[in-house]
Structures are given as C-alpha cells and as structure tokens.
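In this note's numbering, the protein residues as written are 127 to 226. Some notes on the structure that comes next.
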C-alpha cells in the first residue's frame, strides 16, 4: 500500500507516492535539496533543469561508489566464509581422526 507525501526540493513542493514502511521521503527530499543547494552555490548561474541534471549525475556517482563498495564487501565476506568453512572442515576431520 502506498501513501502520499508532500516534499519540498529547491523551493518547489511535490506530492509523491511511496510504499508504506519505505525510507522517509522527507529525508530523501532534504538530501536532494542539500545537494542542489551545494551545487547552486558552487557553480555559475544554472537553470533549475541543469542543476537538477547535475544533481542527478552526482547522486548517480555516489550510488555507483556505494554499489562498488558493497560488491567488494560481499566478495570479502564470501572469501572469509569460505576460509571459515575450510577451517571447520579441517577441524572436523582432525576430531574424527582423533576419535577413530
């Protein structure tokens, strides 16, 4: 079930529908608004559309970095899990050999 929320980004109010229990749309709007504010103060006078596109590109870059980091963490975890499995298997073999 979805719910409607009013959010404000860069001075404009939007009504958005979000799934119940999802991340708070107000938090997301504040994050996007902060990014747009940062870009607007550090750049030449940009149209709202251009500023929105630059913000989207910056957010896409952040997302790509987080996805890359997550993939690396998953690989590390899988490697560690395999190492643990091998150690456990070795210990089980040693115990079985010692009991025989």
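Ideal Cβ placement from N, Cα and C applies to all residues, glycine included. All values derive from a computational prediction rather than experimental measurement.
In the three-state reduction of the DSSP assignment, residue 219 falls in the helix class, which pools H, G and I.
Taking a contact as a CB-CB distance under 8 Å, the pair residue 172 and residue 166 counts as one, their CB atoms being some 7 Å apart. Closest by C-alpha distance to residue 136, out of 130, 145 and 181, is 181. Per the C-alpha coordinates, the member of 143, 178, 170 and 142 positioned closest to residue 159 is 178. Given a length threshold of 3 residues, the stretch 142-174 has no whole run of the beta strand (DSSP E) inside it. Take the alpha-carbon of residue 132 and the one of residue 151: they are about 8 Å apart. Short of 7 Å from the beta carbon of residue 221, and not among the five residues preceding or following it, lies no beta carbon of its own chain.
Residue 190 and residue 142 have their C-alpha atoms spaced approximately 25 Å apart.
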